[in-house]
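What follows is one structure encoded as structure tokens, with my remarks underneath.
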Amino acid sequence: MNPKKVICPCKDVTKGDVLRAIEKGATSYKEVKKVTGAGSKCGKCEKKIRKFIKKHIS
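For the sequence shown, numbering that gives the first Met the number 0 gives the first residue as 0, with consecutive numbering after it.
Structure below.
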């Protein structure tokens, strides 16, 4: 996994940004969205982010 890969192009949020949010205690899409802003503009990345969160929390 490349932590520099952008997962939310609208807000320029990377996979590394999402992982840091998870490390700080975010356990849901809503919490990751609040911390990183990912998915808060157009929402097209929501499915990818949810899948990524699930993979890294389980």
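All C-beta atoms in this analysis are idealised placements derived from N, C-alpha and C, irrespective of residue type, glycine included.
Taking Cβ to Cβ, would you say T13 is nearer than 8 Å to K23?
Taking the first residue of the sequence shown as position 1, residue 13 is located at position 14. Taking the first residue of the sequence shown as position 1, residue 23 is located at position 24. Cβ distance not < 8 Å, so T13 and K23 don't count as in contact.
Does the beta-carbon of T11 have 16 or more other beta-carbons within 10 angstroms, so that it is buried, or is it exposed?
On the sequence shown, position 12 is the one that residue 11 refers to. According to the sequence displayed, residue 11 carries Asp and not Thr. Classification for D11: exposed.
What's the C-alpha gap between K40 and C9?
By one-based count along the sequence shown, residue 40 stands at place 41. By one-based count along the sequence shown, residue 9 stands at place 10. Their backbone Cα atoms lie some 6 Å apart in a straight line.
If I follow the unbroken beta strand (DSSP E) through C9, where does it start and stop?
Mapped onto the sequence shown, residue 9 falls at position 10. Looking at the DSSP string, C9 is not in any beta strand (DSSP E), and its letter there is neither H nor E.
Secondary structure of A25, DSSP reduced to three states
Indexing the sequence shown from 1 puts residue 25 at position 26. Residue state, collapsed to three classes: coil.
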